[in-house]
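> Each residue of the sequence shown is one higher than the last, beginning at 894 in the numbering used here.
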Amino acid sequence: MSRILVTAATGNVGTPLVHALQQKDIDFTAATRDDQKAHEQFGESLDTVFLDYEQPDSFGPALQGHDQLFLCGPSATPNAAELIMPMVEKAQKQNIEHIVFIASHPSVVDAIEKSNIDYSFINANFFMENFEMYQTEDIRELQQLFLPCGEGKVSWIHSRDIGEVAAELLANPSEYTQQAIPLTGPEALDLFESAEVFSDVLGREITYQNPDDEAYRSEMKSRGYSDTYIDAMIAVFGKIKDGSRSEVSPMVEQILGRPPLSLRDYVKDNQEYFHPE
């Protein structure tokens, strides 16, 4: 049995991945900046090692003794690809045999493909957890979704499904080697339909404001956000607006043997984030 290093172990994907590996009784180490937080989250028996993407000197010791790597970069970090790249280089030098990568950075994907390391890439659609990250205040206080997505549809995916799929890829690496695996939720919804789901589950009307880019820019500037942040958000959520994120993939069900979780499942499980305090 291989020894697995899990980066971003307490994150949106790392958390369900760690739980799945624990349930499978698979040997792994959780890489984290805060071992106390990790032990509180997963139990005192968890094997941890220090890793911080801002401290490249931590990469070598963290990788020591492992032959598989779950690689997930720091979230909401503009230079994430630059921070991850030395990890790929160090993994190659330390004879990592297989990398499972949340393939959100093309330059890192290219570097892994050019290395001598086997890989499995997870191409996940927009996380349902984006609503927690970017819309909590709007939903709680203003009863609205306010994202520049137009009328585009997106097959939102629950991070739990991504984590459980990652556990399967790590448990059975030979079955998924040199593959890029698209992961989506069970259906494509526009933001009007997504708002209806929130309304039904939360028991109050949530509307989608459908701001154009300038209306979004004006509102976000009034909230104190920088032009750099606003430009990035318009570019990211523009991928929904242009229709390029509407595909529905069967891979979650094929790999896990069950349908992917729906947006309704997500809102039910996390509604405490969205009710007014």
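Glycine is no exception: its CB is placed at the ideal position from the N, C-alpha and C atoms.
At what residues does the alpha helix (DSSP H) containing Tyr-1012 begin and finish?
Run containing Tyr-1012: none in the alpha helix (DSSP H); it sits in the beta strand (DSSP E), 1011-1017.
> Counting Cβ pairs closer than 8 Å, one from the region 961-974 and one from the region 995-1008, do we hit at least three?
Yes, since at least three Cβ pairs between the region 961-974 and the region 995-1008 fall closer than 8 Å, the two stretches touch.
> Between Glu-1112, His-959, Pro-979, which has its C-alpha nearest His-991's C-alpha?
The option with the nearest alpha carbon to His-991 is His-959.
> In chain order, which continuous runs of the beta strand (DSSP E) of length 3 or greater are located wholly inside the region 1019-1103?
Counting only runs of 3 or more, we get 1072-1076.
> Count the other CB atoms within 10 Å of the CB of Thr-1070; is the residue buried (16 or more) or exposed (fewer)?
So Thr-1070 counts as exposed.
> For Arg-1097, which option in Ala-902, Asn-1103, His-1168, Thr-903 has the closest C-alpha, if you only look at C-alpha atoms?
Minimum Cα distance to Arg-1097 is reached at His-1168.
> Should Met-894 be labelled buried (16 or more other beta-carbon atoms within 10 Å of its own) or exposed?
For Met-894, the predicted structure reports a pLDDT of 46, less than 50, and the residue's modelled location is therefore unreliable. A value from the coordinates is still provided. Classification of Met-894: exposed, given that the 10 Å Cβ count is below 16.
> Below 8 Å on the Cβ atoms is my contact criterion, and I expect Leu-1156 with Val-1058 to pass it. Report the Cβ-Cβ distance as a whole number of Å.
About 18 Å separates the two Cβ atoms, so there is no contact after all.
> So, helix, strand or coil for Met-894, using DSSP?
Because the pLDDT of Met-894 is 46, which lies under 50, any placement of that residue in the model is unreliable, and the question is left without a value.
> Give every residue of the same chain whose Cβ lies closer than 7 Å to the Cβ of Ser-1092, excluding the five residues on either side of it in the sequence, and list them in chain order.
The answer, listed in chain order, is Glu-1098, Ile-1099.
> Buried or exposed for Val-948, going by 16 or more other Cβ atoms inside 10 Å?
Looking at the sequence provided, one finds Gln at residue 948 rather than Val. Flag for Gln-948 reads exposed.
> Counting beta carbon pairs with one atom in the region 999-1010 and one in the region 1060-1067, are three or more of them shorter than 8 Å?
At 8 Å Cβ cutoff, the stretches do not touch.
> May I have a chain-ordered list of the beta strand (DSSP E) segments no shorter than 3 residues that lie completely inside the region 985-1013?
Whole beta strand (DSSP E) segments, 3+ residues: 991-995.
> With DSSP as the reference, please indicate the residues paired to Ala-871 in a beta bridge.
Nothing can be reported for residue 871, as the shown portion of the chain is limited to 894 through 1170.
> When the Cα atoms are used, what is the spatial distance from Ala-974 to Tyr-946?
So the two alpha carbons sit approximately 10 Å from each other.
> Considering only the beta carbon of each residue, do Ile-1032 and Leu-1040 sit closer than 9 Å?
Cβ atoms of Ile-1032 and Leu-1040: not closer than 9 Å.
> Identify whether Leu-1154 lies in helix, strand or coil by the three-state DSSP scheme.
Leu-1154: coil per DSSP, three-state reduction.
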